[in-house]
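Adding 165 to a residue's 1-based position in the sequence shown gives its number in this note's numbering. From the three backbone atoms N, C-alpha and C, an ideal C-beta is built for every residue, glycine too. Keep in mind the model is a prediction, meaning the values are calculated, not measured.
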Amino acid sequence: MLFRRGDNARMVGEKALRIVGVALAALLTVGAAENPRSAILGTVIDAQSRQPVAEVVVTASLSAQGDERIAVTQSDGRYRIPDLPPGDYTLRFERELFEPYSLPLSVSEGRALRVNVELQPTEPGEAVGLFCEGPTVDTGSSTLRFIQWREDVSRVPVSRPTKWAGAMRTSDSLAEWVPGTVDSVDGRSFSGATPFENEYLLDGLSTRDPTTGRNLLPLSQELVSDISVLTGGYMPEYGRTTGGIIDLKPVVISNELHGEVFANWAPGAMEGASSPATGPRPAVSSNGALRHLGDFGGTLGGPLRKDQLWFFAGIVPALSRVEQDAGFMDQRSIQALARLTYAINHRHWTSLTVVTAPALMRGMDGAQAPWEVDSDTVMTVLAYNAMVLDGRVTLDAKASWLGHDVTRLSPVGPAGVDTDRFQAKTQASYWLKGLGHHVLATGLELEHVVQGPSQAAGITSSLLSGFVQDRWTLNDRLTLNGGLRYDAQFLDADERGNMTHHQLSPRVGLVFDPGGNGRMKLFAHAAKYQGMVPLGLLTPNVRIASRLAPTSSSEFVAGAEHELSLFAKAGVTYTRRRLDDALATIVDDGAGGSLIVNPGAGPAANLPKATRTYDAVSVELGRSFWDGWQAQLRYTWSRLHGNYTGPFGAEGGRPLSQSRLLGADRPHVFKAFASKEFTLTRKLTLNAGLAYLGATGTPREADSTRTPWVHTIDAQLSARYGTADQHLVTLSIDAFNVLNAQAVLREETLRPLQYQAPRQLRLGVRYAF
């Protein structure tokens with residue numbers, strides 16, 4: 166991203182007087198309280214000599230009120246501005262003999278932005294480069310968090326077209342590049358957990374389907390600013406999951422009017438040849454010719470009243486058609502998001518967000534078997550946050566309603582499920598000094614779910630959660646993270662029974678920075694996690710066993726990260742996750758029907774206890790986008806074994822007769838991508854991106870062999886033209902599975918059920934202003 170310099174430099178004498186005054190103000194702030202939860206940090210270098218620049222005055226001004234926070238760069242060019250409330254800021258860089266530079270940016274609660282800047286000497290020069298991301302090494306956290314910034318991922322081929330899962334380029338598809346994730350037939354697995362165990366958040370509130378565990382609002386990438394993927398080491402503020410966590414943040418507000426219009430299209434005529442599945446039960450994604458697939462739309466955001474009231478709105482329709490020998494399948498969907506943000510003052514903010522996502526899927530299985538699935542999902546979120554007591558206390562309160570209605574029409578008749586989910590969440594964070602720095606946090610969460618299937622009695626589920634935690638920074642080298650979480654689920658399924666379960670989940674992490682300079686960390690984390698009982702298990706004639714416990718697991722994580730340069734780091738992580746409690750469905754011989762149980766306990770004491778153990782070592786080497794290029798290489802060795810494959814399916818979650826390698830076991834996974842930007846003229850740039858994903862095949866049930874290795878190479882080429890008034894036009898082409906590899910993904914009795922998706926091309930155009 167490029168930002169132009171301001172107007173002509175001010176006189177050197179006037180600038181020197183101002184810098185001296187600001188520097189004195191900065192000296193007066195030394196020793197002031199720090200809040201490590203939100204910060205801006207980075208490095209300033211000379212654009213010509215490429216050397217760090219010391220004594221640059223960096224000022225962060227809160228746009229709403231003009232309050233300023235100040236820092237001065239050190240001899241190595243580094244600076245840090247801590248204790249920042251969330252909001253819109255203007256960041257200024259000033260030093261004698263250099264052109265002054267300023268830019269707008271937004272700070273989110275609990276985030277740190279790295280802003281590295283090249284300053285031009287006083288003589289006229291070229292554009293100034295900017296790079297923003299989280300800290301290269303976060304020495305205050307033992308959580309495995311990976312942040313995917315929208316600006317960075319736009320330079321590499323991501324979100325490949327999936328003709329059987331919709332044309333929307335969803336944000337959670339970016340989790341494919343995170344270590345420890347493996348795609349399976351049911352979805353994405355994190356650290357060996359089944360896809361039904363994941364948690365999905367929109368601005369901190371859950372969008373997970375309480376029936377199946379899937380994501381009800383997989384938002385388009387156009388409607389979010391970034392995506393955080395958490396794979397382990399969760400602090401107590403995160404709960405109700407034994408899998409991974411995907412947290413989406415809506416597009417940030419701005420005092421400038423900005424918008425985009427875009428379209429993406431994958432024509433079926435450019436699809437490569439595919440291998441037909443010949444197994445007894447071919448997967449639906451194996452056969453069928455793509456006719457068309459794509460999305461289009463636009464976004465607009467800016468101030469309704471500058472420094473006080475902002476808006477953002479976006480709409481993304483998507484459509485696709487797949488034809489088969491005996492029928493077809495059409496998909497139509499629309500996602501729309503509207504958000505209003507109001508600053509009562511610079512320390513009190515409120516926002517209202519409304520998301521709607523209607524979708525229609527219909528098809529024909531032969532001449533006499535038409536079917537249709539019509540769904541509508543709506544979410545409304547009201548949020549309030551404040552900073553009180555001179556910024557030492559942060560308060561956040563949110564309430565939401567999530568409605569999901571789905572109707573299925575088929576020759577046997579209609580069927581449907583209506584789900585209403587009400588959530589309320591409040592959290593307070595308090596910074597204090599005492600034997601170091603503490604960030605104390607406590608929170609309370611309430612949830613009530615009402616589900617009304619069209620052909621069965623209704624189900625209600627209520628959850629109560631609370632937590633306390635502390636991030637204790639003893640000194641520059643040692644940080645202790647710890648806390649306790651309480652979760653309770655109250656399940657009422659009328660004549661099918663009820664359940665009340667309480668559980669405490671302790672969590673503790675240790676972070677050590679050997680040099681005390683934020684460039685390296687050694688860390689370890691141990692935790693207990695608890696999920697919840699999915700309502701999809703409570704089908705007709707299924708009852709709840711007494712003393713039923715939701716799925717739970719234990720985890721240990723350890724690793725190291727080291728900053729190789731200003732924009733590159735290397736890391737290694739070991740993860741071990743073990744299943745403690747699981748859910749299964751067995752035949753109830755006494756009362757008839759079926760019973761939901763914990764294998765190895767209570768009515769299912771005769772069954773083996775469910776086991777699942779995941780061990781993994783991940784190695785990461787990466788360079789963030791800077792100076793026109795970026796690169797990332799991630800390798801994971803893992804082993805997944807046990808006797809439990811999940812609560813759903815033909816076996817109903819009942820443990821296998823003996824422990825073995827499970828279907829999602831892929832010992833070796835390589836993930837790599839790189840991109841390079843070429844500047845042709847002041848207005849025209851080209852970008853080339855390349856991505857590779859390679860993985861070991863999955864175990865075959867018949868013998869000790871595996872399916873073949875899977876290799877996928879994707880590529881992107883784009884051209885961007887910028888006008889004088891900073892309007893941008895971008896043309897792009899993404900090629901997925903360039904070599905049209907056709908490795909077997911799934912087998913049954915040594916016969917293929919599914920192959921790799923064939924080569925596909927996606928054409929894109931975008932206009933941003």
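How would you call residue i, buried or exposed, if buried means at least 16 neighbouring beta carbons within 10 angstroms?
i: Val293; result: For Val293, the predicted model reports a pLDDT of 39, less than 50, meaning its position is unreliable; a value from the coordinates is still stated below. By the neighbour-count rule (16 or more Cβ atoms within 10 Å), Val293 is buried.
i: Gly186; result: Legend: pLDDT at Gly186 = 37, less than 50; position of this residue unreliable, value from coordinates given subsequently. Burial call: exposed.
i: Arg470; result: exposed
i: Pro247; result: buried
i: Gly814; result: exposed
i: Gln216; result: exposed
i: Gln919; result: buried
i: Pro820; result: buried
i: Pro671; result: exposed
i: Arg924; result: buried
i: Asn771; result: exposed
i: Trp874; result: exposed
i: Ala190; result: Low confidence applies to Ala190: its pLDDT is 34, below 50, so where it sits in the model is not reliable enough to give any reading.
i: Phe901; result: buried
i: Gly151; result: Since the first residue of the chain shown is 166 and the last is 934, residue 151 is not available in this structure.
i: Pro250; result: buried
i: Gln496; result: buried
i: Ala534; result: exposed
i: Thr914; result: exposed
i: Trp475; result: buried
i: Glu436; result: buried
i: Gln386; result: buried
i: Ser761; result: Note that residue 761 is Ile in the sequence shown, not Ser. Burial call: buried.
i: Thr194; result: The predicted model places Thr194 with a pLDDT of 32, which falls under 50 and marks its position as unreliable; any figure quoted below should be read in that light. Classification for Thr194: exposed.
i: Asn200; result: Its pLDDT being 36, under 50, Asn200 is placed unreliably in this model, and the coordinates cannot settle the point.
Starting from the Cα of residue i, find the closest Cα among the options and give me that residue.
i: Leu560; options: Ala710, Ser594, Glu259; result: Ser594
i: Leu910; options: Met400, Ala922, Asp792; result: Ala922
i: Ser439; options: Glu362, Pro917, Gln907; result: Gln907
i: Gly568; options: Thr308, Val520, Pro401; result: Val520
i: Ala781; options: Gly793, Thr750, Ala766, Arg804; result: Arg804
i: Pro705; options: Met435, Arg661, Ser897, Ser719; result: Arg661
i: Ala412; options: Ser338, Ser267, Ala454; result: Here the sequence assigns Asp to residue 412, which means Ala is not the residue at that position. Closest option to Asp412, Cα to Cα, is Ser338.
i: Gly453; options: Asn429, Trp874, Pro468, Phe493; result: Phe493
i: Ala524; options: Lys414, Gly929, Gln500, Ala219; result: Gln500
i: Asn640; options: Ala219, Gly305, Pro286, Gly242; result: Gly305
i: Arg636; options: Leu675, Thr327, Thr738, Arg650; result: Leu675
i: Phe688; options: Gln695, Phe677, Phe587; result: Phe677
i: Ala692; options: Asn646, Glu283, Arg373; result: Asn646
i: Gly466; options: Asn420, Phe790, Pro773; result: Asn420
i: Pro415; options: Val223, Gly648, Thr738, Leu505; result: Leu505
i: Pro322; options: Leu915, Ile898, Tyr932, Thr914; result: Ile898
i: Val807; options: Leu826, Gly817, Glu816, Val481; result: The displayed chain sequence assigns Gly, not Val, to residue 807. Comparing Cα-Cα distances from Gly807 to each of Leu826, Gly817, Glu816, Val481, the minimum goes to Leu826.
My assumption, with CB atoms under 8 Å, is that residue i sits in contact with residue j. Please give the rounded CB distance.
i: Thr625; j: Leu609; result: Not really, about 20 Å apart at Cβ, beyond 8 Å.
i: Tyr399; j: Ile410; result: 7 Å
i: Leu367; j: Leu382; result: 6 Å
i: Ser267; j: Arg260; result: Contact doesn't hold; Cβ gap of about 13 Å is too wide.
i: Gly479; j: Leu388; result: 5 Å
Does residue i have its Cβ less than 8 Å from a Cβ in chain C?
i: Arg831; result: You won't find chain C in this structure, because it holds only one protein chain.
Under 7 Å from any heavy atom of the ligand NAP, does the C-beta of residue i make it?
i: Leu656; result: With respect to the ligand NAP, the structure offers nothing, as it holds no ligand at all.
### Task
Identify every run of the beta strand (DSSP E) within the segment 539 to 564, keeping only runs that are complete inside it and at least 3 residues long; order them along the chain.
none
### Query
Within the chosen definition, does the segment 651 to 663 reach the segment 626 to 642 through at least 3 CB pairs nearer than 8 Å?
yes
#### Entry: Contact the segment 739 to 751 vs the segment 349 to 362: 3+ CB pairs below 8 Å
yes
### Query
Can you list, in chain order, the stretches of the beta strand (DSSP E) that have 3 or more residues and sit fully within the segment 508 to 534?
513 to 530
### Query
What runs of the alpha helix (DSSP H), each 4 residues or longer, lie entirely inside the segment 313 to 390?
315 to 318
### Query
Quick one: complete beta strand (DSSP E) runs, 3+ long, within the segment 442 to 488?
454 to 470
### Task
For the segment 890 to 906 and the segment 859 to 874, state whether three or more C-beta atom pairs, one from each stretch, are separated by less than 8 Å.
no
### Query
At a cut of 8 Å, does the segment 823 to 839 reach the segment 363 to 380 through at least three beta carbon pairs?
no
### Query
Going along the chain, which unbroken runs of the alpha helix (DSSP H) with 4 or more residues stay wholly within the segment 575 to 629?
none
### Query
Does the pairing of the segment 688 to 706 with the segment 368 to 377 give three or more beta-carbon distances under 8 Å?
yes
### Query
Are the segment 420 to 432 and the segment 340 to 347 in contact at 8 Å, needing three or more beta carbon pairs?
no
#### Entry: 3 or more residues per run - each beta strand (DSSP E) lying fully within the segment 861 to 915
875 to 887, 893 to 901, 909 to 913
### Message
Going residue by residue through the segment 207 to 288, where are the continuous beta strand (DSSP E) segments of at least 3 residues, counting only ones entirely within it?
### Response
222 to 227, 233 to 237, 243 to 246, 252 to 259, 266 to 272, 277 to 284
### Task
Decide yes or no for the touch test of the segment 548 to 555 against the segment 510 to 519: beta carbon pairs closer than 8 Å, at least 3 of them.
yes
### Query
Which parts of the segment 747 to 772 are runs of the beta strand (DSSP E), unbroken and 3 residues or longer, counting only runs that do not cross its ends?
749 to 752, 759 to 762
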